[in-house]
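When we follow my numbering, the leftmost residue of the first sequence carries the number 357, and every step to the right adds one. Idealized CB from N, CA, C, for every residue including glycine. The structure presented is a predicted model; accordingly, all values stated were derived computationally and were not measured. To start, the structure under review is shown below, and the notes come after it.
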Amino acid sequence: MSDLRPLRLRNSLSGRVERFDPARPDEVRMYTCGLTVYARGHIGNFRTFVGQDLLRRFLEWKGYRVLQVQNFTDVDDKTIRGAGEAGETLRDYTTRFIELYHADADALGVRRAHHYPRATDPEYIAAMVRLVERLLERGAAYRSGGSVYFRIAAYPDYGRLSGAAVEGRLAGARVDADEYDKESAADFVLWKATEDGEPTWDAPFGAGRPGWHLECSAMALELLGSGFDLHCGGVDLKFPHHENEIAQSEAATGEPFVRHWFHCEHLLVEGRKMSKSLGNHFTVRELIEEGVSSAALRYLLASVHYRKQLNFTRDGLRQAETAVGRVNALLARVPESSASGPFVPADPGVRACLDRFEEALNDDLNVSRALAEVFFALRQANQGLNRKDAEDGAGVAEWAAAIRSMNEVFGVFEMEGAPDPSSGEDLVEEIEGWIRERRDARRRRDYARADAIREQLRARGIALEDTPDGTTWRRLD
RNA sequence: GGCGGCGUAGCCAAGUGGCCAAGGCGGAGGUCUGCAAAACCUCUAUUCGGCGGUUCGAAUCCGCCCGCCGCCUCCA
357 MSDLRPLRLR
367 NSLSGRVERF
377 DPARPDEVRM
387 YTCGLTVYAR
397 GHIGNFRTFV
407 GQDLLRRFLE
417 WKGYRVLQVQ
427 NFTDVDDKTI
437 RGAGEAGETL
447 RDYTTRFIEL
457 YHADADALGV
467 RRAHHYPRAT
477 DPEYIAAMVR
487 LVERLLERGA
497 AYRSGGSVYF
507 RIAAYPDYGR
517 LSGAAVEGRL
527 AGARVDADEY
537 DKESAADFVL
547 WKATEDGEPT
557 WDAPFGAGRP
567 GWHLECSAMA
577 LELLGSGFDL
587 HCGGVDLKFP
597 HHENEIAQSE
607 AATGEPFVRH
617 WFHCEHLLVE
627 GRKMSKSLGN
637 HFTVRELIEE
647 GVSSAALRYL
657 LASVHYRKQL
667 NFTRDGLRQA
677 ETAVGRVNAL
687 LARVPESSAS
697 GPFVPADPGV
707 RACLDRFEEA
717 LNDDLNVSRA
727 LAEVFFALRQ
737 ANQGLNRKDA
747 EDGAGVAEWA
757 AAIRSMNEVF
767 GVFEMEGAPD
777 PSSGEDLVEE
787 IEGWIRERRD
797 ARRRRDYARA
807 DAIREQLRAR
817 GIALEDTPDG
827 TTWRRLD
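This is the structure:
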């Protein structure tokens, strides 16, 4: 698989699209920078998570076994402040937002990671302490004012990820209180000395709490090992977060930290940067409560290349809704094959379509070209259905199976919508009763009556469609 | 100020030197239908922000200009 048709993926470390080769032949070890859990994640966060999910699903589609770790940052200034204001323990407070994250991610069909380490989990605090000790031993860290800092001078490769202009970037950096404790302005805190009222953990180098960057290094090294394959996050994390992760990890282990860095661009809302002050800040939950389907939401988030800013608009959601609906309508008419095992198309046309699909995604995840293949298959299937001769039945089934296969990567079709309380057996029986009555009316050529029944059901959100084989119905959104 | 990205039809969006500039949404016409709806078919950018240049040939390379956005500080 991967030998003949390698994935080519942009590596932020080199700035180039490179062949993606995991360290072990069939396994991909993947780390995702997750949320800081002081608030519910917004659609910007989920653009990144959906982008990473697409990458993971494609790797799995290609046959890799993926081991994914996604952390939660549950100790920092914002979580501490939030918990204090809410009068809750830090643990309880952050747990709430972790649960909300899972609710939103599940709604969007984001596959679950295999591990969700939290910074304050005892085993990871211990791992962080060990990492700091190692850095102290190696002279890559120093103690000052009760805190421990990373000495950038001890790591000559600093700046490889975010570009050479590190000094320039830091020159304008605001001077904060602990600046005076540092040997160099670029040094960053690994372990913060305890302050009044803040959570604190004992350590050989003094009680305190982990600095921002330390947790990801510790958890990634602990769960995935040094030199793992993929480290993912939003573009904003490149500097300083990921730069610092690389520095502290490599200074501690003496080995390359990560093989391939994957960064997702941010999204814009109606052409503007999303921010609380502009009031264009949405959560997944809010949009779904407004009636946006999670499928349309996911489609919009997944349909723009991960390195391009995505302009999130109402019109875009509407377009996504229509596009997803067309595919779902076809799939609803063609039942899923009960055949087990991998899908091997017999039709050369179907095979070629899947080949082009894979080729598109192999090319640095070209989702636009891949989606074009989904719609190509859709057209083929619908054409087959229109011809409706028995000979074509198998062809339609294969095209539908191809769409379902491609959907393993996109995950946007046949998502179960919000359960409708009025969709019980009773309603179905009632609708079928109306359809029978309308059929009789049509046989009598009583079209006024037939149209009245259709209108009355349409007003209730049920669309009737007459086909040569009888009348079908579907729910309008 | 430093660094980076983008500007392709009404909207979204592929395409980075050479077949008719993918695909989706929308629109127009048609097939089917009692009428619809759905589906399918055809059409919908002689042109790729503007102006120059390189080339037999450029949306694709170079230069200048215009416009939009992001990063450089917490941030997915």
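Check, Outcome
"By the three-class DSSP mapping on this structure, what secondary structure does glutamine 736 have?", "helix"
"Determine which residues share a DSSP beta bridge with tyrosine 498 and list them.", "Tyr505"
"Could you give the distance in angstroms between the alpha-carbon of proline 775 and the alpha-carbon of serine 649?", "Bear in mind that the predicted position of proline 775 carries a pLDDT of just 48, short of 50, making it too unreliable to give a figure here."
"To the nearest angstrom, report how far apart arginine 798 and aspartate 807 are at their CA atoms.", "9 Å"
"Kindly confirm or deny that the segment 546-555 and the segment 502-520 touch, where touching means at least three C-beta pairs closer than 8 Å.", "yes"
"Can you say whether valine 488 is buried or exposed, counting buried as having 16 or more other CB atoms within 10 angstroms of its CB?", "buried"
"Cβ atoms of arginine 396 and leucine 456: under 8 Å apart, would you say?", "yes"
"What residue does the beta strand (DSSP E) around leucine 687 start on, and which one ends it?", "Leucine 687 -> not in any beta strand (DSSP E); alpha helix (DSSP H) instead, spanning 670-689."
"In its own chain, which residues sit with a C-beta less than 7 Å from the C-beta of glutamate 646, not counting the 5 before and 5 after it?", "none"
"Can you give me the C-alpha to C-alpha distance between tyrosine 394 and histidine 458, rounded to a whole angstrom?", "14 Å"
"Going by C-alpha to C-alpha distance, which of Ala439, Pro473, Pro596, Ser518 sits closest to phenylalanine 506?", "Pro596"
"For phenylalanine 584, list the residues DSSP reports as bridge partners.", "Val614"
"Are the beta-carbon atoms belonging to alanine 297 and valine 425 less than 8 Å from one another?", "The requested residue 297 is not part of the displayed model; the chain covers only 357 to 833."
"CB-CB under 6 Å to threonine 445, same chain, minus the five flanking residues each way: which ones, in chain order?", "none"
"Rounding to the nearest angstrom, what Cα-Cα distance links leucine 577 and arginine 421 in this structure?", "19 Å"
"Note the first and the last residue of the continuous alpha helix (DSSP H) segment covering valine 425.", "Segment 421-426 is the beta strand (DSSP E) holding valine 425; no alpha helix (DSSP H) there."
"So glutamate 416 and tyrosine 480 are supposed to be a Cβ contact under 8 Å. How far apart are they, rounded?", "No, glutamate 416 and tyrosine 480 are not in contact; Cβ-Cβ is about 26 Å, not under 8 Å."
"I believe alanine 733 touches alanine 708 by the beta-carbon criterion, under 8 Å. Please report the beta-carbon distance rounded to the nearest angstrom.", "Contact doesn't hold; Cβ gap of about 11 Å is too wide."
"Apart from the five residues just before and just after asparagine 763, which ones in its own chain have a Cβ nearer than 6 Å to its Cβ?", "Phe769"
"The alpha helix (DSSP H) with proline 566 in it runs from where to where?", "Not the alpha helix (DSSP H): proline 566 falls in the beta strand (DSSP E), residues 564-566."
"Under DSSP, the beta strand (DSSP E) around phenylalanine 402 begins and ends at which residues?", "First-last for phenylalanine 402: 399-417, but that is the alpha helix (DSSP H), not the beta strand (DSSP E)."
"For glutamine 665, which residues of its own chain have a beta-carbon under 8 Å away from its beta-carbon, when the five flanking residues on both sides are left out?", "Glu621, His622, Leu623, Leu624"
"What residue range is occupied by the uninterrupted beta strand (DSSP E) comprising tryptophan 557?", "Counting along the chain, tryptophan 557 falls outside any beta strand (DSSP E), and DSSP gives it neither H nor E."
"Tell me the DSSP secondary structure of phenylalanine 544 in three-state form.", "strand"
"Taking the alpha helix (DSSP H) that valine 706 falls in, what are its first and last residues?", "704-718"
"So is glycine 524 buried or exposed if we call it buried at 16+ other beta carbons inside 10 Å?", "In this prediction, glycine 524 scores a pLDDT of 48, lower than 50, which makes its location untrustworthy; no coordinate-derived value is stated."
"Let me check understanding here. Comparing Cα to Cα, which of Asp671, Trp568, Tyr511, Ala608 lies closest to cysteine 389?", "Trp568"
"For leucine 832, does the three-state DSSP call read helix, strand or coil?", "coil"
"Might you give, ordered along the chain, the residues of its own chain that have their beta carbon closer than 7 Å to the beta carbon of arginine 412, omitting 5 neighbours on each side?", "Met386, Val422, Gln424, Arg467"
"Can you say whether valine 784 is buried or exposed, counting buried as having 16 or more other CB atoms within 10 angstroms of its CB?", "exposed"
"Excluding the 5 residues flanking threonine 827 on each side, which residues of the same chain have their C-beta closer than 6 Å to its C-beta?", "Ile791, Leu820"
"Give the DSSP bridge partners of isoleucine 818, in chain order.", "Arg831"
"How about valine 406 and arginine 628: are their beta carbons less than 8 Å apart?", "no"
"Per DSSP, which residues does threonine 388 bridge with? Please list them.", "Gln426, Cys588"
"Which word fits valine 700, buried or exposed, when buried means at least 16 other C-beta atoms lie within 10 angstroms of its C-beta?", "exposed"
"Leaving aside the five residues before and after alanine 834 along the sequence, list all residues of the same chain whose C-beta is less than 7 Å from its C-beta, in chain order.", "Since the displayed the chain opens at 357 and closes at 833, residue 834 lies outside it and no answer follows."
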